[in-house]
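J.: Just so we're aligned, residue 1 is where the sequence shown starts under the working numbering, counting upward by one.
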Amino acid sequence: MSKTAHTIYIMLLGSIVLATFVLLILYGKTYYRTPLEERFYHEDHTELKPSGIIGHGLGIAGSFFMLVGVGSYMVRKRMKRFSRLGKLKHWLEFHIFLCTLGPILVLFHTSFKFGGLVAISFWSMVAVFASGVIGRFIYIQNVKRAVLDSSQKNLISSYFSDYRAINTLKGKLKKSAISKAERKRIVRLVRHEFSMNRKIGRLQLMQNLFRYWHVAHLPFAIVMLIIMIIHVAVTIIFGYRWIW
């Protein structure tokens with residue numbers, strides 16, 4: 001996937017999430033703003049209540065998206081037979097998309113009414129989402145470093161101590177047979193190396209945090225999925241059905 005195609009892909013996923021949220025807000029804004037004790041009399045109550053045709057459907061769709069988002073990414077990441085099936089970072093982005101869209105649908109499924117087991121499941125979902133956002137931030141900090149070729153690195157390796165070395169480097173380069181365009185390119189890369197060197201400590205910290213991050217993210221996800229399964233089982237036992 002080219003850089004342009006990847007940008008379009010990310011924008012498309014983000015647009016879907018944003019459009020879904022805005023449309024749900026616009027469609028049910030009067031209902032969701034109505035006090036809980038008065039919603040029974042609202043004209044949209046039959047459709048938008050958690051067991052309503054739309055509310056129930058949002059819960060099913062949201063749960064499905066989260067299960068697919070978690071399951072597909074784990075399968076792609078952990079099973080070697082799927083290692084060639086697209087880049088892992090694209091799967092991570094799709095995982096983030098589904099696990100952002102899913103909670104939004106579940107949020108509207110609850111009609112912003114929390115209590116009992118639903119509250120535990122919802123806040124577990126919030127914890128998973130929040131830890132996922134943090135994990136994504138940590139992930140993108142692990143950027144690739146631009147490197148010089150070996151001959152250029154040998155020429156400038158002794159000038160990496162501080163920024164004043166750049167001026168010394170420029171003088172050395174002017175005395176060499178390197179063209180002006182190439183000298184500018186080398187100086188630009190040296191400046192980039194300085195910038196990267198300042199980030200090394202932070203990157204190492206981020207890498208450590210990324211390892212420890214799973215300690216929080218995975219348990220929250222497991223708790224959320226277990227409670228989700230219990231919630232679905234309870235609704236089925238008590239006879240709640242959707243369109244079937």
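Glycine included, every Cβ here is placed at the ideal spot set by N, Cα and C.
1) For I104 versus F21, is the C-beta spacing smaller than 7 Å?
2) Determine the extent of the alpha helix (DSSP H) in which M11 is found, giving its start and end residues.
3) How big is the Cα-Cα spacing for I229 and L48?
4) Going by CA-CA distance only, name the one from I25, A130, K174, H109 that's closest to V232.
5) Could you tell me whether the Cβ atoms of Y32 and F82 are closer together than 7 Å?
6) When burial is assigned at 16 or more other CB atoms within 10 Å of the CB, is S63 buried or exposed?
7) Could you give the C-beta distance for E93 and I16, rounded to a whole number, given that I count them as a contact under 8 Å?
8) Can you look up Y41 in the DSSP assignment and give me helix, strand or coil?
9) In this structure, how does DSSP classify L85 when only helix, strand and coil are distinguished?
10) Does P35 come out as helix, strand or coil in the three-state DSSP assignment?
11) Indicate whether S72 and Y240 have their beta-carbon atoms separated by less than 7 Å.
12) Are the beta-carbon atoms of G69 and L98 separated by less than 7 Å?
13) Roughly how many whole angstroms lie between the Cα atoms of L107 and F114?
14) May I ask which residues mark the beginning and end of the alpha helix (DSSP H) holding V64?
15) Please check the pair G102 and M66, which I expect to be a contact at CB under 8 Å, by giving their CB distance rounded to whole angstroms.
16) In angstroms, rounded to a whole number, what distance separates the CA positions of T7 and L85?
17) Which residues in the same chain have their Cβ closer than 8 Å to the Cβ of H56, if we skip the five residues on either side of it in sequence?
18) Check T100 in the structure and name its three-state DSSP category.
T.: In this structure, then:
1) If you check the CB distance, I104 and F21 come in under 7 Å.
2) Its alpha helix (DSSP H) spans residues 3-32.
3) Rounded to the nearest angstrom, the two C-alpha atoms are 22 Å apart.
4) For V232, the nearest C-alpha among the options comes from H109.
5) Result no, Cβ atoms of Y32 and F82 do not sit closer than 7 Å.
6) Looking at its Cβ environment, which holds 16 or more other Cβ atoms inside 10 Å, S63 is buried.
7) Actually they do not touch by this definition, with Cβ atoms about 12 Å apart.
8) Three-state result, Y41: helix.
9) For L85, the three-state secondary structure derived from DSSP is coil.
10) Per DSSP, reduced to three states, the secondary structure at P35 is coil, with no helix or strand assignment.
11) No, they are not a contact pair.
12) Yes, these two residues count as a Cβ contact at 7 Å.
13) Cα to Cα, the separation comes out at about 10 Å.
14) Sequence inspection shows Phe at residue 64; the Val mentioned does not correspond to that position. Segment 53-78, the alpha helix (DSSP H) holding F64.
15) Sure, about 4 Å apart at Cβ, within 8 Å.
16) Cα to Cα, T7 sits roughly 20 Å from L85.
17) Cβ neighbours of H56 beyond the five flanking positions: P50, H109, Y240, W242.
18) Per DSSP, reduced to three states, the secondary structure at T100 is helical.
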